[in-house]
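What follows is a single structure, written as structure tokens, with notes after it.
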Amino acid sequence: MEALLKGYLPYLVGTLAGLLVALTLSGLLTLQGIPQLMLFALLPAAGGAVVERVFQRKSD
Numbered sequence: 061m062e063a064l065l066k067g068y069l070p071y072l073v074g075t076l077a078g079l080l081v082a083l084t085l086s087g088l089l090t091l092q093g094i095p096q097l098m099l100f101a102l103l104p105a106a107g108g109a110v111v112e113r114v115f116q117r118k119s120d
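Residue numbers (our numbering): 61 to 120.
If you want it as structure tokens, here you go:
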């Protein structure tokens, strides 16, 4: 179980960072509707993927 969580930790960290950026941008730009929905859908997923990729490159 611990190894499984350790494998997902970089993705989880990136997702949380992307969510924080999405919240910040949404508040600063006062986005509503479809742009806000796209921001909250894309940034956490992209953040998770980028951080996971960086961690994989460092471990290789």
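Glycine residues also receive a C-beta, built at the ideal position from the N, C-alpha and C atoms. The structure displayed is predicted, hence computed values, not measured ones.
Excluding sequence positions up to five before and after Tyr71, its CB lies within less than 8 Å of the CB of Gly108, Ala109, Val111, Glu112, all in the same chain and listed in chain order. Ala82 places its beta carbon 8 Å or farther from that of Leu69. Taking C-beta atoms as the reference points, Gly78 and Ala106 count as a pair closer than 8 Å.
In terms of Cβ geometry, Pro104 and Thr75 form a close pair [threshold 8 Å]. For Leu91, same chain residues with a beta-carbon under 8 Å away, outside a window of 5 residues either side, are Leu85, Leu99 in chain order.
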